[in-house]
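J.: Quick one: the structure is below, and I'll ask about it shortly.
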Amino acid sequence: DEMPDYFPKGSPSMGADKALWDDFSDFTNKAKANASAARALNAAARGGDKAAVGKAAKRVGGTCKSCHDSYRIKH
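Note that the numbering used here gives residue 39 to position 36 of the sequence shown, counting from 1, and the numbers run on in steps of one.
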């Protein structure tokens, strides 16, 4: 939930592409998806269902990848 707060407009970030600030609403939506996925992973872990944990972990990874693919500097 706090991820967008770490990237205020004009802030320096060695790994973030400037596109992050050009389409900040999309970045914010991707951050919200990540937070939601992380909460679901937490709930799955508390439930103890290994299959649900695996599925939730993949969802978290997918939200990370989605944001990094869009807004991380490609080397």
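Positions of the beta carbon are idealized from the N, C-alpha and C atoms, including for glycine.
All figures in this text were calculated on a predicted structure; none of them were measured in a lab.
Checking 8 Å against the spacing of the C-beta atoms, do A40 and V63 come in under that value?
T.: For the purposes of this step, residue 40 is taken as residue 37 along the sequence shown, with counting starting at 1. For the purposes of this step, residue 63 is taken as residue 60 along the sequence shown, with counting starting at 1. Between A40 and V63, the C-beta gap is smaller than 8 Å, which places the two residues in contact.
J.: Report buried or exposed for Y82, applying the criterion of at least 16 other Cβ atoms within 10 angstroms of its Cβ.
T.: The first residue shown for the chain is 4 and the last is 78, placing residue 82 beyond what the model contains.
J.: Straight-line CA distance for I76 to G51?
T.: In the sequence shown, residue 76 corresponds to position 73, counting from 1. In the sequence shown, residue 51 corresponds to position 48, counting from 1. So the two alpha carbons sit approximately 37 Å from each other.
J.: State buried or exposed for N45, treating a residue as buried only when at least 16 other CB atoms are found within 10 Å of its CB.
T.: As a first step, residue 45 must be located in the sequence shown, where it is residue number 42. It is exposed - the Cβ of N45 has fewer than 16 other Cβ atoms within 10 Å.
J.: Would A43 and A59 qualify as a contact pair, given that the criterion is a beta-carbon distance under 8 Å?
T.: As a working note, residue 43 is residue 40 in the sequence shown. As a working note, residue 59 is residue 56 in the sequence shown. One thing to note: A43 has its Cβ within 8 Å of the Cβ of A59.
J.: In its own chain, which residues sit with a C-beta less than 6 Å from the C-beta of C70, not counting the 5 before and 5 after it?
T.: Looking up residue 70 in the sequence shown gives position 67. Taken in chain order, the residues that qualify are K33.
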